[in-house]
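Heads up, the thing below is written out as structure tokens.
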Amino acid sequence: CCIGLWGPLARKVLQPLADADFSNDGLKYFRAKRAHIGSVPVTAMRLSYVGELGWELYTTADLGQKLWDTLWQAAEPLGGVIAGRGAFNSLRLEKGYRSFGTDMTYEHDPYEAGVGFAVKLDKGDFIGKAALERRKTDVRRKLTCLTIDDPQSVVMGKEPVYDG
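Mapping of the sequence shown onto our numbering: residues 2 to 165, in sequence order.
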């Protein structure tokens with residue numbers, strides 16, 4: 002079971018419930034630690050695919066409801082809101098975060114997909130390095146964000162969008 006806790010109030014909700022330090026120094030970005038949230042043992046991963054402060058909290062399936070109830074009891078009085086996959090996807094799109102299999106596939110190289118920053122061509126030889134060096138200077142298509150101001154024109158996902 003995984004529950005995501007993200008947003009400007011995430012630490013204010015989590016820290017009083019935890020037996021571990023969830024400050025910036027206590028759990029640095031892209032790190033994980035084991036802790037208890039209330040009485041629920043979790044593996045907390047500090048990462049955010051929505052572009053806000055937050056954690057993914059993992060526990061066993063039989064304790065998922067207890068973790069949910071513990072978090073919601075603390076979050077609701079602070080103005081927390083429950084959001085699902087649609088909100089998660091919308092927030093990641095607003096931040097420009099890519100989703101493999103949705104936004105990009107094996108058919109796209111890192112430069113086309115807008116993740117060329119993650120390619121370290123100066124870190125030694127690797128399979129595909131020469132091809133990527135060529136592609137870096139010859140990008141023929143590029144994934145970009147499309148914004149639509151008309152609320153009636155909502156794209157839910159995987160529909161073709163074209164002009165003409």
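Using N, Cα and C, we set each Cβ at its ideal position, and we do this for glycine too.
Where the alpha helix (DSSP H) through residue i begins and ends
i           : result
residue 6   : Careful: residue 6 lies outside any alpha helix (DSSP H), inside the beta strand (DSSP E) at 3–7.
residue 135 : 130–137
Beta-ladder partner(s) of residue i, from DSSP
i           : result
residue 101 : 105
residue 55  : 7
Neighbourhood of residue i by C-beta, 7 Å cutoff - its chain only, sequence neighbours within 5 removed
i           : result
residue 6   : 14, 15, 55, 56, 58 and 72
residue 143 : 113 and 115
residue 49  : 7 and 55
residue 44  : 33, 35 and 59
residue 1   : Missing from the structure shown is residue 1; the chain here goes from 2 to 165 and no further.
Spatial neighbours of residue i in its chain, beta-carbon cut-off 8 Å, leaving aside the 5 residues before and after
i           : result
residue 146 : 94 and 97
residue 65  : 2 and 4
residue 9   : 53 and 54
residue 122 : 130, 133, 134 and 137
Contact set for residue i: own chain, Cβ-Cβ below 6 Å, skip 5 residues either direction
i           : result
residue 27  : none
residue 67  : 41
residue 11  : 54 and 55
residue 137 : 112
key: Complete runs of the beta strand (DSSP E) confined to the segment 11–45 [at least 3 residues]   = 33–38
query = Should the segment 88–96 be called in touch with the segment 113–129, which here means at least 3 C-beta pairs below 8 Å?
reply = no
inquiry  = Quick check: the segment 129–149 against the segment 101–111, are at least 3 beta-carbon pairs closer than 8 Å?
reply    = yes
key: Sequence ranges, alpha helix (DSSP H) only - wholly within the segment 61–93, length at least 4   = 65–76
ask   = If we count Cβ pairs, one from each stretch, closer than 8 Å, do we get three or more for the segment 65–82 versus the segment 94–105?
value = no
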